[in-house]
Amino acid sequence: GTITVVTLDDDVFEGEETVTVALTSTSQGTLGTSSSGTGTITDTSDAPVVTIGDATIAEGGSLSFTVSLTKASSTDITIPYTTSDGTATGGDYTDNDATLTITAGQTSGTIT
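For the sequence shown, the numbering used here gives the first residue as 3, with consecutive numbering after it.
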């Protein structure tokens, strides 16, 4: 026989997911050593696109850059970043090389 598990299409990036169907008993016969099966669901949603906006601040303040995702993800998105000189040099700002994490379900984060 066949067991059918219907999957649901959403617009959240989740990557590949699995579901397990376990046989729990039988009215006739004995369960074998393979009494569960794993189904793999491939995600039809595209991965979110990451963008960053410009920022402006007077000297002595802190620049805040907003990093946005085109859609939420079911898992945290980590984005390594680095600062580099433009017309401002290292003496004009504090280097800030780190990683921004946008938590699952969110669509933006801030780099200061």
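Backbone N, C-alpha and C fix where the C-beta goes; we use that ideal spot for every residue, glycine too.
Using only alpha-carbon positions, find the residue among the options that is nearest to residue i.
i: residue 39; options: 105, 6, 113; result: 6
i: residue 26; options: 17, 36, 19; result: 36
i: residue 71; options: 28, 112, 8; result: 112
i: residue 43; options: 81, 82, 12; result: 12
Under the three-state reduction of DSSP, which class applies to residue i: helix, strand or coil?
i: residue 102; result: strand
i: residue 82; result: strand
i: residue 24; result: strand
i: residue 71; result: strand
i: residue 19; result: strand
What is the residue span of the beta strand (DSSP E) that residue i lies within?
i: residue 46; result: Premise fails: residue 46 is in no beta strand (DSSP E) and is neither H nor E.
i: residue 110; result: 110 to 113
In chain order, what residues of the same chain have a beta carbon less than 6 Å from the beta carbon of residue i, not counting five sequence neighbours either side?
i: residue 24; result: 38
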